[in-house]
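Following the working numbering, the numbering of the sequence shown begins with 103 at its first residue and continues without gaps.
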Amino acid sequence: MTDFVWSIDDAGMGGEVLVEATRRFARFLGGRSLAATWLVVPKPGGQPLSAEWLEVLREARDAGHDLQLHGLTHADCFEFGPPAWPATAIRPAFLEEFAQRREELLPRYTVANLRAHIEEGMEIFQRELAIEPVLFRAPCGAISQAMFNALAAVGIGYHSCQYISGTGYEHLPHNSGDLTPVWTDDIPHRPYGWYADVIEAPILNEYTWRGAGMRSAEFIHLARQDVARIVTESPVAVILMHTHGIADDFEHACRLVDGVVEQVKGLGDHRFATLGELIASGALDAAATVTGPDLLTI
Ligand SMILES: [Zn+2]
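Below you can see the structure in the form of structure tokens.
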């Protein structure tokens with residue numbers, strides 16, 4: 103039995119279009135008796151969450167959605183570590199930008215500094231949303247060993263940013279255009295114990311990045327293939343979306359959800375849950391029966 107999770111990044115960032123897309127999509131999911139884990143940026147671009155975002159986030163919380171931490175400011179893509187795949191496949195210039203700013207950026211990655219950033223985000227969650235976050239997702243998948251030590255120090259034992267497949271970005275103009283599923287074997291395909299004993303819940307793939315709606319049927323086919331395979335390999339499967347991807351083609355995002363739900367139901371006794379629910383029930387701990395590889399040099 104596999105628990106499927108809808109995880110949606112970058113809530114809190116951007117203006118009215120993204121606020122409205124978030125409200126509409128949270129209601130769409132609710133209409134399907136689904137709830138998502140929304141990864142919220144607590145201090146977007148260094149500014150307080152807007153009144154409009156706070157309203158929609160509280161509405162989502164009260165409707166049963168799960169809100170967890172997505173960095174602190176997300177002001178650039180190097181907040182908690184150097185650039186990582188597949189962000190580098192979405193925007194190859196990250197590598198050059200990091201190389202140019204290396205002397206400025208490397209001193210960020212100390213336990214004390216990153217801990218202060220995480221604690222500030224937790225305080226904002228508690229004050230504005232009355233939520234104690236239990237899971238963290240670093241912006242752009244940019245992580246460091248210091249980040250995991252900082253998470254453990256503040257009592258956050260769960261993280262989710264490593265990808266099993268990045269095929270969902272192959273439609274971008276600088277990539278291959280080939281949506282044949284490709285999975286990495288660099289990480290386990292199920293949740294695993296990782297640095298500082300933080301449990302990593304890997305991301306299966308993303309099917310709604312900007313432009314995906316232009317090839318909607320192919321992306322739904324890709325998702326169905328990934329779903330059929332992951333139920334044979336993991337008790338937990340985390341699907342990624344972004345608020346701006348949903349806003350880019352709202353109808354595609356809805357079709358994708360319906361296509362995945364149909365596939366999941368057709369494959370047997372599988373369920374949908376939020377990461378918060380899986381953590382509270384112990385299911386995520388129980389799923390993490392393996393240890394992750396030592397991949398991080400910083
Ligand atoms: Zn993000």
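Heads up, the beta-carbon is just placed ideally off N, CA and C, and yes, glycines get one too.
Any non-hydrogen atom of ligand 1 closer than 6 Å to residue i Cβ
i      : result
Pro275 : no
Pro241 : yes
Inter-residue Cα distance where the pair is residue i and residue j
i      : j      : result
Cys263 : Val338 : 14 Å
Leu237 : Glu320 : 32 Å
Ala325 : Pro304 : 16 Å
Ile400 : Leu253 : 16 Å
Val73  : Arg373 : Given a span of 103 to 400 for the chain in the structure shown, any question on residue 73 remains unanswerable.
Glu230 : Gly259 : 22 Å
Gln202 : Pro146 : 24 Å
Asp350 : Glu272 : 17 Å
Gly457 : Asn277 : Coverage of the chain is limited to positions 103 through 400, which leaves residue 457 absent and any answer about it impossible.
Ser267 : Val329 : 12 Å
Ala416 : Arg125 : Residue numbering for the chain in the displayed model covers 103 to 400; residue 416 lies beyond these limits and cannot be assessed.
Arg129 : Cys356 : 11 Å
Glu335 : Leu156 : 38 Å
Glu205 : Arg292 : 36 Å
Gly315 : Leu342 : 15 Å
Pro194 : Gly243 : 14 Å
Pro235 : Ala138 : 15 Å
Phe196 : Gln327 : 30 Å
Asp299 : Asp396 : 12 Å
Ala385 : Leu306 : 18 Å
Gly257 : Pro275 : 41 Å
Glu198 : Ala191 : 13 Å
Leu398 : Val392 : 18 Å
Gly378 : Asp287 : 27 Å
Ser152 : Val158 : 10 Å
Check whether residue i and residue j have beta carbons under 7 Å apart
i      : j      : result
His172 : Leu141 : yes
Leu358 : Tyr294 : no
Tyr297 : Phe250 : yes
Val143 : Gly114 : yes
Pro290 : Thr269 : no
Val333 : Leu369 : yes
Gly279 : Arg312 : no
Ile233 : Phe227 : yes
Val213 : Ala248 : yes
Asp200 : Pro188 : In the sequence under discussion, the amino acid at residue 200 is Phe, which differs from the Asp named in the question. Contact: no.
Thr175 : Gly133 : no
His261 : Glu302 : yes
Val340 : Val107 : yes
Arg217 : Ala255 : yes
Ala388 : Asp105 : no
Ile110 : Phe182 : no
Phe180 : Leu208 : no
Ser318 : His354 : yes
Under the three-state DSSP convention, the category residue i falls into
i      : result
Leu131 : helix
Val422 : Nothing can be reported for residue 422, as the shown portion of the chain is limited to 103 through 400.
Ala138 : coil
Thr393 : strand
Asp371 : coil
Asp387 : helix
Trp108 : strand
Asp168 : strand
Ala153 : helix
His354 : helix
Phe238 : strand
Ala232 : coil
Ala113 : strand
His261 : strand
Any non-hydrogen atom of ligand 2 within 6 Å of residue i CB
i      : result
Asp111 : This structure lacks ligand 2; its bound ligands are ligand 1.
*asked:* Threshold first: 4 residues or longer. Then list the alpha helix (DSSP H) segments lying entirely within the region 282 to 352, N to C.
replied: 318 to 332, 345 to 350
*Output the residue ranges of the alpha helix (DSSP H) runs that lie fully inside the region 173 to 236 and measure 4 residues or longer, sorted by chain position.*
189 to 192, 195 to 202, 204 to 207, 213 to 226
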